[in-house]
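Novice:
What follows is the structure, encoded as structure tokens:
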């Protein structure tokens, strides 16, 4: 199934005294790039989070935001007594240096960073990894559901545009067989204008027509383009990430179209070539968003 690289997912997992909130978003990217933002208390699980995400999402720029919410009532505060004593000693020393003998209020010490904090208990630390990865997995599920929905819409569009490509190629193939015939007719008419005495022999005229037909022959290009369409169809039905393969096939189709345009000495074929190039460019824009 085709999947888009654009998506969003969110999940929450409950803790004894709080919850873990995971949000993910992804946009187009040539490769797979994962950015993880964790609170300091969960930083040890960053590699586990990356493995969980990369095992499910192969392409795209994926941002993972993880928040640990421990503001729920009932979670006891923790006092860093050693740090509080160090701040008190520093303030007392500063008093002596400045000749100020004001008492040092407790509120001043408690207000310093990390002196008083709300942290998870030991039971939470023991179970944190499983809860965190479960939340990450649920967020990936939500993101994949969105990517699949968008991928389904992309698939419908690609199939319609693929049919347009096939129609244009069939029109070119049907027209190609008439090009040498019309050239021979035009050449004979042009030569007739010079009068009977100046006409070359029939063998020379036939040789010129054959040379022209050989220069304008696009059979190989049409066959290769048809082969690319078959591979394109197979990729659309594949269950694997196929964005890069589709992009490569489109490049190869573009090369065949350019060759057809340079070889085919015919206005109708040239018109079809222009339409093919425009359609291929539209398809390429869509493929840029496929995983």
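In our numbering, the protein residues as written are 720 to 1010.
We put the CB at the ideal spot given by N, CA and C, even for glycine.
DSSP three-state call for residue 834: helix, strand or coil?
Specialist: Position 115 of the chain shown, counted from the start, is the residue given in the question as residue 834. Residue 834 falls in the coil class under three-state DSSP.
Novice: Is it true that the stretch 855-863 meets the stretch 743-762, where meeting means three or more beta-carbon pairs spaced less than 8 angstroms apart?
Specialist: Yes, the stretch 855-863 is in contact with the stretch 743-762.
Novice: Less than 8 angstroms between the C-beta atoms of residue 783 and residue 800, yes or no?
Specialist: Taking the first residue of the chain shown as position 1, residue 783 is located at position 64. Taking the first residue of the chain shown as position 1, residue 800 is located at position 81. Taking 8 angstroms as the Cβ cut-off, residue 783 and residue 800 do not qualify as a contacting pair.
Novice: The alpha helix (DSSP H) spanning residue 957 covers which residue range?
Specialist: Taking the chain shown and counting its residues from 1, the one referred to as residue 957 is at position 238. Element bounds for residue 957: n/a, residue is neither H nor E.
Novice: Rounded to the nearest angstrom, how far is the Cβ of residue 781 from that of residue 854, given a contact under 8 angstroms?
Specialist: The residue given as residue 781 occupies position 62 in the chain shown. The residue given as residue 854 occupies position 135 in the chain shown. Not really, about 16 angstroms apart at Cβ, beyond 8 angstroms.
Novice: Taking the Cβ atom as the reference point for each residue, do residue 803 and residue 828 lie within a distance shorter than 8 angstroms?
Specialist: Mapped onto the chain shown, residue 803 falls at position 84. Mapped onto the chain shown, residue 828 falls at position 109. Closer than 8 angstroms, so yes.
Novice: From the DSSP secondary-structure annotation, give me the bridge partner or partners of residue 782.
Specialist: Counting from 1 along the chain shown, the entry for residue 782 is found at position 63. Residue 782 pairs with 744, 754.
Novice: For residue 991 and residue 944, I'd like the C-alpha separation in whole angstroms.
Specialist: Here residue 991 refers to the residue found at position 272 of the chain shown. Here residue 944 refers to the residue found at position 225 of the chain shown. Going from the Cα of residue 991 to the Cα of residue 944 covers about 14 angstroms.
Novice: Could you give the residue range of the alpha helix (DSSP H) that holds residue 1004?
Specialist: Here residue 1004 is taken as the residue at index 285 of the chain shown, counted from 1. Note, residue 1004: alpha helix (DSSP H), 986-1006.
Novice: Any idea if residue 858 is buried or exposed, counting beta-carbon neighbours within 10 angstroms, 16 or more meaning buried?
Specialist: In the chain shown, residue 858 corresponds to position 139, counting from 1. Classification of residue 858: buried, given that the 10 Å Cβ count is 16 or more.
Novice: Which one of 850, 964, 796, 889 has the shortest CA to CA distance from residue 942?
Specialist: Numbered from 1 along the chain shown, position 223 holds the residue referred to as residue 942. Considering only alpha carbons, the answer is 889.
Novice: Contact between the stretch 968-987 and the stretch 997-1005 is defined here as three or more beta-carbon pairs at a separation below 8 angstroms; is this criterion met?
Specialist: The stretch 968-987, when compared against the stretch 997-1005, does touch it at the 8 angstroms Cβ threshold.
Novice: Would you kindly check if the distance between the Cβ of residue 723 and the Cβ of residue 1009 is under 8 angstroms?
Specialist: As a working note, residue 1009 is residue 290 in the chain shown. As a working note, residue 723 is residue 4 in the chain shown. Contact: yes.
Novice: So, for residue 950: in the same chain, excluding its five sequence neighbours on each side, which residues have a beta-carbon less than 7 angstroms away from its beta-carbon?
Specialist: Your numbering for residue 950 matches position 231 in the chain shown. Excluding residues within five positions, the ones whose Cβ falls inside 7 angstroms are 968.
Novice: Excluding sequence positions up to five away, which residues of its chain have a Cβ less than 7 angstroms from the Cβ of residue 767?
Specialist: For the purposes of this step, residue 767 is taken as the residue at position 48 of the chain shown. Within the same chain, residue 767 has close Cβ partners 848, 852.
Novice: What separation, rounded to the nearest whole angstrom, lies between the Cα atoms of residue 884 and residue 877?
Specialist: Here residue 884 corresponds to residue number 165 of the chain shown, with the count starting at 1. Here residue 877 corresponds to residue number 158 of the chain shown, with the count starting at 1. Their Cα atoms are separated by approximately 10 angstroms.
Novice: Are the beta-carbon atoms belonging to residue 806 and residue 814 less than 8 angstroms from one another?
Specialist: Start at 1 with the first residue of the chain shown, and residue 806 comes out as number 87. Start at 1 with the first residue of the chain shown, and residue 814 comes out as number 95. Cβ atoms of residue 806 and residue 814: not closer than 8 angstroms.
Novice: Our contact map puts residue 778 next to residue 960 with C-beta atoms below 8 angstroms; I'd like the distance itself, whole angstroms only.
Specialist: What you label residue 778 is simply residue 59 of the chain shown in a count that begins at 1. What you label residue 960 is simply residue 241 of the chain shown in a count that begins at 1. 6 angstroms between Cβ atoms; contact.
Novice: Tell me whether the beta-carbon of residue 721 lies closer than 8 angstroms to the beta-carbon of residue 887.
Specialist: By one-based count along the chain shown, residue 721 stands at place 2. By one-based count along the chain shown, residue 887 stands at place 168. Taking 8 angstroms as the Cβ cut-off, residue 721 and residue 887 do not qualify as a contacting pair.
Novice: Could you tell me the distance, in whole angstroms, from the CA atom of residue 773 to the CA atom of residue 752?
Specialist: On the chain shown, residue 773 is found 54 positions in, with the first residue counted as 1. On the chain shown, residue 752 is found 33 positions in, with the first residue counted as 1. Each residue's alpha carbon lies about 9 angstroms from the other.
Novice: By DSSP, does residue 774 sit in helix, in strand, or in coil?
Specialist: Translated into the one-based positions of the chain shown, residue 774 becomes position 55. Three-state DSSP puts residue 774 in coil, outside helix and strand.
Novice: Give me the residue from 728, 895, 796, 893 with the minimum Cα distance to residue 836.
Specialist: As a first step, residue 836 must be located in the chain shown, where it is residue number 117. Nearest C-alpha to residue 836: 796.
Novice: Provide the residue span of the beta strand (DSSP E) that contains residue 729, from first to last.
Specialist: For the purposes of this step, residue 729 is taken as the residue at position 10 of the chain shown. Unbroken beta strand (DSSP E) run through residue 729: 726-734.
Novice: Thinking just about the alpha-carbon of each residue, which of 979, 966, 985 is nearest to the one in residue 1007?
Specialist: By one-based count along the chain shown, residue 1007 stands at place 288. When only C-alpha atoms are compared, the closest one is 966.
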